[in-house]
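Visitor:
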Amino acid sequence: MSYKAEFERSINQPEDFWREQADKLPWHKKPTQILGKDDQGTDRWFVDGELNISYCALDYHVENGRADQTAVIYDSPVTKTKSKLTYREMRDQVAKFAGALRGLGVEKGDRVLIYMPMVPEALVAMYACARLGAVHSVVFGGFAPTELAVRIDDAQPKVIVSTSCGIEVEKVIPYKGLLDDAIDQATHKPNHCVVLQRPQHTCELIAGRDLDWNDLMAAAEPADPVNVKATDPLYILYTSGTTGKPKGVVRDTGGYAVVLKYSMKTIYDMDPGEVFMAASDVGWVVGHSYIVYAPLLAGCTTIVYEGKPVKTPDAGAFWRLIDEYKIKSFFTAPTAFRAVKKEDPEGKLLANYDISSLKIMFLAGERLDPPTYHWLNELLPVPVIDHWWQTETGWPIAGNMMGLEPAKPKAGSATYPTPGYNVMILDGQGEKAAPDEEGSVVVKLPLPPGCLTTVWGDHDRYKSSYMNAYPGYYETGDGGKIDKDGYLFIMGRTDDVINVAGHRLSTGEMEEIVANHPAVAECAVIGVADELRGQLPVGLVITKDGWDGDADKLQSELVAMVRKDIGAIACYRQTLIVDRLPKTRSGKILRNVLRNIADGKDYVVPSTIDDMSSITEVEDAIKTKLTTA
């Protein structure tokens with residue numbers, strides 16, 4: 202079927218279309234009601250279906266000829282360790298850890314928080330939760346204790362699973378110490394913590410609360426899969442909110458399983474038995490969808506990589522992985538290749554490896570800037586594919602359908618909407634924009650399967666964040682345009698969430714931290730374009746009257762505060778002291794104008810501005826202090 206025919210059928214006959222895709226999964230109880238609404242009026246898919254995603258991704262393949270195929274490859278240059286798990290071995294480990302969790306009182310509907318680096322046990326823990334019908338919430342290991350505590354209080358896990366440490370380039374991070382600190386800060390206390398001791402750094406276990414992973418596994422009885430409703434939650438995944446408090450995106454089980462399997466062939470052109478790699482982490486949506494679940498649902502081999510694109514050991518790391526494991530489709534964020542390009546601008550290290558297995562290079566997580574696209578396109582003998590999606594959607598909203606009908610790429614474009622997503626551009630009046638006219642990117646309801654169904658514990662926030670601005674549409678929070686050929690271009694966020702190296706972070710949250718410094722009277726944090734990381738946060742600070750301290754010392758203290766409360770992942774490094782911030786007469790800081798000034802773009806000053814001279818003053822400060830820093 203052509204892309205156009207498949208897309209139109211998905212929009213005009215969604216229930217027939219998704220019923221056919223659902224038929225490709227081994228359901229415990231096949232759904233007969235494909236689309237319905239829940240008690241709060243939210244669209245829900247496969248309403249009366251029942252399944253277990255652990256069974257679909259593991260047991261089913263073991264029972265149908267893939268028991269001895271490699272399911273998971275672990276490659277850790279930071280520990281100089283490599284290992285493999287077959288589908289049978291993965292199934293058995295998951296069943297045992299599910300039994301261990303059950304022995305700790307975890308049952309269907311309970312939450313388990315997972316705070317782990319890129320080790321195979323992270324996948325085992327996630328699947329073990331799914332096997333029991335428990336809801337997992339994975340928190341990226343780079344987050345500081347304060348951020349982890351917020352998530353503990355929101356999810357209220359019965360058990361937390363962690364490790365003694367994580368390992369960065371030449372640096373050991375004591376995860377257990379961070380976890381203990383977070384639990385001390387949190388109001389909610391877990392019943393137990395399960396800790397995987399790693400040889401690079403072992404930790405003390407707290408008697409009565411903490412348990413050793415290996416001891417538990419040795420004593421555990423395997424647990425069979427517990428069937429859940431398709432509409433039951435699989436996991437909570439936190440994404441940055443514009444108010445500072447993260448939003449717990451809730452993913453259902455059945456719809457997610459259906460679309461992940463569909464996407465592996467349609468978008469990524471993967472067939473059972475082939476090797477797929479997503480260079481990301483658990484705790485981010487790419488890791489959940491395309492390291493943990495999608496490859497195994499599709500009968501492929503997935504790679505868990507505990508390393509970096511550079512310095513582990515060099516900028517040839519990705520080429521080595523492709524060569525060694527015969528990867529067919531590779532997926533990472535543009536920032537990773539900007540780092541590779543910086544270290545090896547001519548791509549000379551590629552000549553050391555045989556990457557003939559590679560058929561497609563995919564990029565997402567942030568906008569693929571044209572210079573990076575062209576550099577990769579000239580370097581690689583395969584298509585370089587940009588595609589676009591969000592934590593909230595769980596799988597791509599738009600891309601080039603490589604397993605269906607590949608289109609000719611356009612630099613800067615994510616190509617076409619994925620079947621199931623009725624993407625539109627709306628102007629300031631909420632009307633459909635003309636071709637090439639920029640506006641808000643929205644998706645007409647119903648959203649396809651697999652997208653978020655609510656915000657954990659706060660359905661009103663789900664509605665206010667995504668559904669209220671344009672009734673009948675999901676608001677993506679991104680601006681963009683569709684050209685006359687139907688190609689979608691995503692131009693960037695319309696709120697205060699910035700994208701640092703593929704990680705969505707809230708500048709509003711950083712502002713709260715900066716504003717707590719005793720010398721700061723008022724502040725704004727904006728995302729400034731950065732060649733390597735996409736965006737970096739920069740603070741604009743008004744100091745309190747009478748402050749005569751040292752600007753460098755203030756900057757160092759603010760950097761330390763942001764690092765302590767959010768983590769090094771924020772990459773907050775620069776603060777500019779200014780006399781005034783441009784505002785509207787109602788007191789709203791003109792962050793959009795500030796961003797455009799910092800990025801050297803044209804800007805329009807709204808008629809509601811309070812004092813025009815404030816723009817000039819800030820512009821002078823940004824141009825002199827930012828460029829000379």
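One rule links them: number in the numbering used here = place in the sequence shown (from 1) + 201.
Where a beta carbon is used, it is the ideal one built from N, C-alpha and C, also for glycine.
1. Using the Cα positions of asparagine 392 and glutamate 818, report the straight-line distance between them to the nearest angstrom.
2. Could you check if histidine 575 is buried or exposed, using at least 16 other CB atoms within 10 Å of its CB as the buried criterion?
3. Taking Cβ to Cβ, would you say phenylalanine 519 is nearer than 7 Å to proline 496?
4. Hey, would you say serine 730 sits closer than 7 Å to cysteine 724, going by beta carbons?
5. Taking just the CA atoms, how far does tryptophan 589 sit from glycine 595?
6. Does DSSP put glutamate 207 in a helix, in a strand, or in coil?
7. Please list, in chain order, all residues of the same chain as threonine 536 whose beta carbon is under 7 Å from its beta carbon, the five residues on each side excluded.
8. Could you say which of Thr388, Val370 and Asp354 lies nearest to tyrosine 439 if we only look at CA atoms?
9. Who are the near neighbours of glycine 681 in its chain, counting only those whose CB is closer than 6 Å to its CB and skipping five residues on each side?
10. Could you name each continuous beta strand (DSSP E) segment of 3 residues or more that falls completely within the segment 298-324, going from the start of the chain to the end?
11. Thinking C-alpha only, which one of Gly237, Ile504, Lys611 and Phe344 is nearest valine 320?
12. Taking CB distances under 7 Å as the criterion, tell me whether alanine 268 reaches chain D.
13. Which residue wins for smallest C-alpha separation from tryptophan 228, given the options Phe247, Gly237 and Ile212?
14. Beta-carbon separation of valine 585 and leucine 577 under 7 Å?
15. Between glycine 409 and lysine 359, which are expected to be in contact by the criterion C-beta below 8 Å, what is the C-beta distance as a whole number of angstroms?
16. List the whole-angstrom C-beta distance separating isoleucine 468 from threonine 619, where the pair is believed to meet the contact cut-off of C-beta under 8 Å.
17. For valine 483, collect the residues of the same chain with a Cβ closer than 6 Å to its Cβ; drop the 5 residues on either side in sequence, then sort them by chain order.
18. Please look up how many angstroms separate the CB atoms of leucine 550 and glycine 517, rounded, as I've assumed it's under 8 Å.
19. Pick out the complete beta strand (DSSP E) segments inside the segment 205-246, 3 residues or longer, and give them in chain order.
20. Where do the N-terminal and C-terminal ends of the beta strand (DSSP E) with serine 707 fall, by residue?
21. Work out the CA separation of serine 277 and tyrosine 506 for me, nearest whole Å.
22. Quick check on DSSP: helix, strand or coil for lysine 784?
23. Alpha carbons only, please: which of Asn700, Leu648 and Ser558 is nearest the one belonging to lysine 238?
24. Which same chain residues, not among the five before or five after lysine 826, have their C-beta less than 7 Å away from its C-beta?
25. Are the Cβ atoms of leucine 741 and tyrosine 671 separated by less than 7 Å?
26. What residues match up with aspartate 679 in a beta bridge as DSSP calls it?
27. With a 10 Å radius around its C-beta and 16 neighbouring C-beta atoms as the bar for buried, classify proline 546 as buried or exposed.
28. For alanine 301 and leucine 286, what's the separation of their Cα atoms in angstroms?
29. Taking its Cβ as the centre, do 16 or more other Cβ atoms sit within 10 Å of asparagine 213, making it buried, or is it exposed?
30. Can you tell me the Cβ-Cβ gap for valine 806 and methionine 813, rounded? I've got them flagged as a contact below 8 Å.
31. Would you check if there are 3 or more beta carbon pairs closer than 8 Å linking the segment 339-350 to the segment 366-384?
32. Count the other C-beta atoms from every protein chain shown that fall within 10 angstroms of the C-beta of serine 787, then say buried if there are 16 or more, exposed otherwise.
33. Drop a sphere of 10 angstroms on the beta-carbon of threonine 364, count the other beta-carbons inside from all chains shown, and report buried for 16 or more, exposed for fewer.
34. Residues in the same chain with beta-carbon distance under 6 Å from proline 318, minus the five sequence neighbours each way, listed in chain order, please.
35. Please go through the same chain and pick out, in chain order, the residues whose beta-carbon is closer than 6 Å to the beta-carbon of valine 450, but skip the five residues on each side of it.
36. Taking the beta strand (DSSP E) that valine 726 falls in, what are its first and last residues?
Guide: Once the coordinates are examined:
1. 55 Å
2. exposed
3. no
4. The amino acid occupying residue 730 in the given sequence is alanine; serine does not appear at that position. No.
5. 11 Å
6. helix
7. Glu567, Ala702, Gly703, Leu733, Arg734 and Gly735
8. Asp354
9. Val642, Phe690, Ile691 and Met692
10. 312-316
11. Ile504
12. This model lacks chain D altogether; it includes just one protein chain.
13. Phe247
14. yes
15. Going by Cβ atoms, the distance from glycine 409 to lysine 359 rounds to 15 Å, so no, they are not a contact pair.
16. 7 Å
17. Ala323 and Val339
18. 3 Å
19. 236-238 and 244-246
20. 704-707
21. 6 Å
22. strand
23. Leu648
24. Leu777
25. no
26. Arg694
27. exposed
28. 20 Å
29. exposed
30. 7 Å
31. yes
32. The predicted model places serine 787 with a pLDDT of 48, which falls under 50 and marks its position as unreliable; any figure quoted below should be read in that light. So serine 787 ends up on the exposed side.
33. buried
34. Gly342 and Gly367
35. Leu438, Thr440, Thr592, Glu593 and Leu653
36. 721-731
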